[in-house]
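Here is the structure we will look at.
Take a look at the structure:
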């Protein structure tokens, strides 16, 4: 009982800290973004930036979308299906992990990605911290 | 038919197993993506076939796979950030009793300036809130769009021509203004296409944070064939103008989904047989992966006392559920009651009887209940 309570508490702490620790990153020369701008970029409303996604299986992806756009993964996917099959936009490029996100945004001034705060280094700039 | 369906079934299997949907990249510039539906519907009536739009065969007390099943494939090539080309093919039942494959879109898109986009080629007319994606089940809440509204537009040949869209920030959201021009076609069930010239349209869409509103109008000049001209009294004014106007809104936020549209179909010379008004209202609530919804739809001819009436009033109420069971596939169930008020309505193909005016389709005398199940997927 004690152990399971501890596990539960640890799990909760981990969940909260993970949620509090997502940052939106871009090219070192990029300007900071508001939450609304980030939502617009990842929901295909603006074409001026190139969003970079983490894999669907990565927990950070669902947390990021929930926090930045307030939407469930199924809503986000239905929305991208609508944009794709009306010829309006192509879904975000998907890369393998945080390291690949950093590599992608460091190489492209228009690219915008999201990673765990702990993974930030000099190659990228934090454009927004999600609470 | 069988081949297409087993192909679709295989795709469902594949898409359900695939961990994620991502358009497949072929090299740096080309992406291939697709969508589809495998759907079955049956009714409790043998008075007529339950169909959508101008389909020729559909569901009776025998279930039909031909009403909702379809398969779409799309290839987009992006040469530069401002120049791309898109081709989309769709396999579905259209106006004959077979599933046919056709290129729905083939256009080149240019983005000459931020916010401005110009397309040339073949694409859909923006006559509704979800005109472009009405056959993409996965992108929509309901199992199928309300046929009272979505079956009303006669310009089912799409647009061959040009459109220009300009997007600008307005009232905290973004406003997109689209102007279009070109040619189209109208094909009735089991009939030859009628050429439609001088298609012109304006469409305004505003959206912000889960709210979308749209208003638009398309006018066109159908070129009536000799077979119809022969039936008209001499001296009839043949300068026919077809006009389709619509307004709608949708809300998708805080788990609440609401969608409503109102459309008007008008004809300058034949309004007694073409004129109609229709609307629908859809409301749903999202519980995680489950989205139950209710939809009410209605269509009224401008006049219902005309002997030549080719369609009749119809009211339907549907209860449905969208279940996002897999990461790239949704399962939907829908039960619907369709009341044609003793006429043929708009969703039924009934046997014709010979009258003094030529063959006239029989009415559906009693309200019909339909039951549908569909799997919508993207890949």
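Residue numbers (the numbering used here), protein chains in the order written: chain S, 37 to 167; chain B, 2 to 380.
Note that the Cβ used here is the ideal one computed from N, Cα and C, for glycine as well.
Collapsing the DSSP output to three states places residue 72(S) in a helix. With its beta carbon at least 8 Å from every one in chain B, residue 155(S) lies outside the interface. Residue-level contact by beta carbon fails for residue 139(S) and chain B, as no gap is shorter than 8 Å.
Cβ-Cβ distances below 6 Å link residue 62(S) to 141, 148, 161 and 163 in the same chain, with the five nearest sequence neighbours on each side left out; the list follows chain order. Looking at the DSSP output, residue 223(B) shares a beta bridge with 197(B). Residues of chain S whose Cβ lies closer than 7 Å to the Cβ of residue 106(B) are, in chain order, 123. Counting only runs of 4+ residues, the alpha helix (DSSP H) found wholly inside the region 135-166 of chain B occupies 148-151, in chain order. When 7 Å is used as the limit between beta carbons, residue 54(B) is near no residue of chain S, the shortest such separation being about 18 Å.
Taking all protein chains in view, the Cβ of residue 239(B) is surrounded by fewer than 16 other Cβ atoms within 10 Å, so the residue is classified as exposed.
Uninterrupted beta strand (DSSP E) stretches at least 3 residues long and entirely within the region 67-152 of chain S occur at 86-89 and 147-152, given in chain order. By the Cβ neighbour-count rule, residue 227(B) is exposed, with fewer than 16 other Cβ atoms within 10 Å of its own. For residue 104(B), no alpha helix (DSSP H) segment is defined; the enclosing uninterrupted segment is the beta strand (DSSP E) at 100-114.
For residue 180(B), the enclosing beta strand (DSSP E) stretches over residues 174-187. Taking C-beta atoms as the reference points, residue 269(B) and residue 221(B) fail to come closer than 8 Å. By the C-beta criterion, the region 160-170 of chain B is judged not to be in contact with the region 132-145 of chain B, since fewer than 3 inter-stretch pairs fall below 8 Å. Cβ-Cβ distances below 6 Å link residue 166(B) to 118, 177 and 179 in the same chain, with the five nearest sequence neighbours on each side left out; the list follows chain order. Between residue 71(B) and residue 38(B), the beta carbon gap of about 5 Å places them in contact (Cβ cut-off 8 Å). At a cut-off of 8 Å between beta-carbon atoms, residue 81(S) makes contact with chain B. Beta-bridge pairing by DSSP links residue 288(B) to 291(B). Of the other Cβ atoms in all chains shown, 16 or more fall within 10 Å of the Cβ of residue 341(B); this residue is therefore buried. Listed along the chain, the chain B residues whose CB falls inside 8 Å of the CB of residue 103(S) amount to none; the nearest CB is some 15 Å away. Close partners of residue 379(B) in chain S (Cβ separation under 7 Å): 117. Straight across, the Cα-Cα distance linking residue 231(B) with residue 346(B) is about 27 Å. Using a Cβ-Cβ cut-off of 8 Å, residue 137(B) counts as an interface residue toward chain S, since at least one Cβ of chain S sits closer than that to its own.
Note that the region 198-212 of chain B does not touch the region 105-121 of chain B; fewer than 3 beta-carbon pairs, one per stretch, sit closer than 8 Å. Rounded to the nearest angstrom, the gap between the Cα atoms of residue 88(S) and residue 170(B) is 24 Å. Taking a C-beta distance under 8 Å as the contact criterion, residue 216(B) and residue 248(B) qualify as a contact pair.
Taking 8 Å as the upper bound for CB-CB distance, residue 58(B) and residue 83(B) are not in contact here, some 45 Å apart. By the Cβ neighbour-count rule, residue 370(B) is exposed, with fewer than 16 other Cβ atoms within 10 Å of its own. Note that the C-beta distance between residue 53(B) and residue 191(B) is not below 8 Å. Distance from the CA of residue 255(B) to the CA of residue 288(B), rounded to the nearest whole angstrom, comes to 11 Å. Looking at the backbone, the Cα of residue 362(B) and that of residue 311(B) are separated by about 8 Å. At least one CB of chain B lies nearer than 8 Å to the CB of residue 92(S). As summarised for the region 32-92 of chain B, the continuous beta strand (DSSP E) elements at least 3 residues long and confined to that stretch are 71-81, given in chain order. Beta-bridge annotation (DSSP): residue 380(B) is not paired with any residue.
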